[in-house]
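Report on the structure given below.
In the working numbering, the protein residues as written are 1446 to 1540.
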């Protein structure tokens, strides 16, 4: 009977030790998520990707419209003439 008690005690100590460790790790992850440290917006930049040959100079997204300023023919710092086009999309119907 004493051997059974010792094995049970060892198993309970194992479960309690690792249970508390897992609880502390989960609490730390919850605190980081609550304070915004794990927020994906901080890690991912805003992007405007277009087809090759077109460059997105600027973009602005609002609840009612999307504004894109697009250039083609040259890179933004090149010495040739750039053609800039402003595209405004209004009346968005998001599903």
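Virtual Cβ for every residue (Gly too), placed ideally from N, Cα, C.
What residues in its chain sit with their C-beta under 6 Å from that of residue 1513, if we drop five residues either side in the sequence? Position 68 of the chain shown holds residue 1513. Only 1504 and 1532 meet the Cβ criterion.
Ends of the beta strand (DSSP E) at residue 1543? Here the chain has residues from 1446 to 1540 only, and residue 1543 is not among them.
Measure how close the beta-carbons of residue 1502 and residue 1516 come, nearest whole angstrom, since I'm counting them as under 8 Å. Taking the first residue of the chain shown as position 1, residue 1502 is located at position 57. Taking the first residue of the chain shown as position 1, residue 1516 is located at position 71. Confirmed, about 5 Å.
Residue 1473 to residue 1506, Cα distance in whole Å? On the chain shown, residue 1473 is found 28 positions in, with the first residue counted as 1. On the chain shown, residue 1506 is found 61 positions in, with the first residue counted as 1. Using only the alpha carbons, I get a separation of about 35 Å.
Alpha carbon to alpha carbon, how far is residue 1511 from residue 1493? As a position in the chain shown, residue 1511 is number 66, starting the count at 1. As a position in the chain shown, residue 1493 is number 48, starting the count at 1. Each residue's alpha carbon lies about 12 Å from the other.
Per DSSP, which one or two residues make a beta bridge with residue 1477? Here residue 1477 corresponds to residue number 32 of the chain shown, with the count starting at 1. Bridge partners of residue 1477: none, in fact.
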